[in-house]
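Q: Sharing a structure below in structure tokens format, with a few things to ask.
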Amino acid sequence: MHGILAMEACEAAFRLCSVGNTVVDVGANVGVVTSALSYSVGEKGKVYAFEANPVTFSTLRRNLKTLRYQKTIHAFSYALSDGDGIIKMGLSDDYNNNIGVSYVTKNVTLPDNHCVEKVHSKKLDNVLSPSVDIKLLKMDIERHEYYALKGAENLLSNLRIENIFF
Numbered sequence: 026m027h028g029i030l031a032m033e034a035c036e037a038a039f040r041l042c043s044v045g046n047t048v049v050d051v052g053a054n055v056g057v058v059t060s061a062l063s064y065s066v067g068e069k070g071k072v073y074a075f076e077a078n079p080v081t082f083s084t085l086r087r088n089l090k091t092l093r094y095q096k097t098i099h100a101f102s103y104a105l106s107d108g109d110g111i112i113k114m115g116l117s118d119d120y121n122n123n124i125g126v127s128y129v130t131k132n133v134t135l136p137d138n139h140c141v142e143k144v145h146s147k148k149l150d151n152v153l154s155p156s157v158d159i160k161l162l163k164m165d166i167e168r169h170e171y172y173a174l175k176g177a178e179n180l181l182s183n184l185r186i187e188n189i190f191f
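The sequence shown maps to residues 26 to 191 in our numbering.
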């Protein structure tokens, strides 16, 4: 069986981005979309990849080492949210079969069969320069997009983010 993982997000990367752009991958997981973004922006671009799950992040780092443009990728092991601090991350009982099912949550009661870990969170406004021009902000963060966008309020209000894909 053959297939393409995250086909829509990868296609968005190739259609919307070009060499030299700066892009952000929130919820980078193991790096499938991060890889497409790095090829889209080339050695003159920058990719900022964020993955809150520490186990998934270690796989992401390992995968990034195999990429042609790995030096243009800046990977961070924390969640993007509406504040800097500690936030809960839920792991479903199916986590061992699908590492993509972890999720950052705020003000939500987790089901009894979900484990909870605490991870660091930051506002995107506090991570990137206020003068950065972001060609594409890709988000796959399991219903936490609203909080991540609140944390990018200054970048958004100053029109520093051209395209958002989620």
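Glycine included, every Cβ here is placed at the ideal spot set by N, Cα and C.
Computed from a prediction, not measured in an experiment: that's the story for all the values here.
Answer with buried or exposed for residue 33, where buried requires no fewer than 16 other C-beta atoms within 10 angstroms of its C-beta.
A: With fewer than 16 Cβ atoms within 10 Å of its Cβ, residue 33 is classed as exposed.
Q: For residue 122, name the three-state secondary structure that DSSP assigns.
A: Model confidence at residue 122 stands at a pLDDT of 48, short of 50, so the residue's coordinates are unreliable and nothing is read from them.
Q: Quick check: what's the CA-CA separation for residue 97 versus residue 151?
A: 20 Å
Q: From 102, 65, 90, 80, pick the residue whose C-alpha is nearest to that of residue 74; which is it?
A: Between residue 74 and the set 102, 65, 90, 80, the nearest pair of CA atoms involves 102.
Q: Along the chain, where does the alpha helix (DSSP H) that runs through residue 66 open and close?
A: 57-66
Q: Note the first and the last residue of the continuous alpha helix (DSSP H) segment covering residue 80.
A: 79-89
Q: Which residue marks the beginning of the beta strand (DSSP E) containing residue 100, and which one marks its end?
A: 98-101
Q: CA-CA distance, residue 111 and residue 153?
A: 19 Å
Q: Under 7 Å between C-beta atoms, does residue 171 make it to chain D?
A: Given the protein chain composition of this structure (a single chain), no chain D is represented.
Q: What are the boundary residues of the beta strand (DSSP E) that residue 160 is part of?
A: 159-164
Q: For the alpha helix (DSSP H) that residue 33 lies in, which residues bound it at each end?
A: Judged by DSSP secondary structure, residue 33 falls within the alpha helix (DSSP H) whose first and last residues are 32-41.
Q: Which stretch, first to last residue, makes up the beta strand (DSSP E) that contains residue 116?
A: 110-116
Q: Looking only at its chain, what residues have a beta carbon closer than 6 Å to the beta carbon of residue 84, apart from the 5 residues adjacent to it on each side?
A: 55
Q: Can you pull the DSSP bridge partners for residue 44?
A: According to DSSP, which records beta bridges pairwise, residue 44 is partnered with nothing at all.
Q: Please classify residue 76: is it buried, with 16 or more other beta-carbons within 10 angstroms of its beta-carbon, or exposed?
A: Taking all protein chains in view, the Cβ of residue 76 is crowded by 16 or more other Cβ atoms within 10 Å, so the residue is classified as buried.
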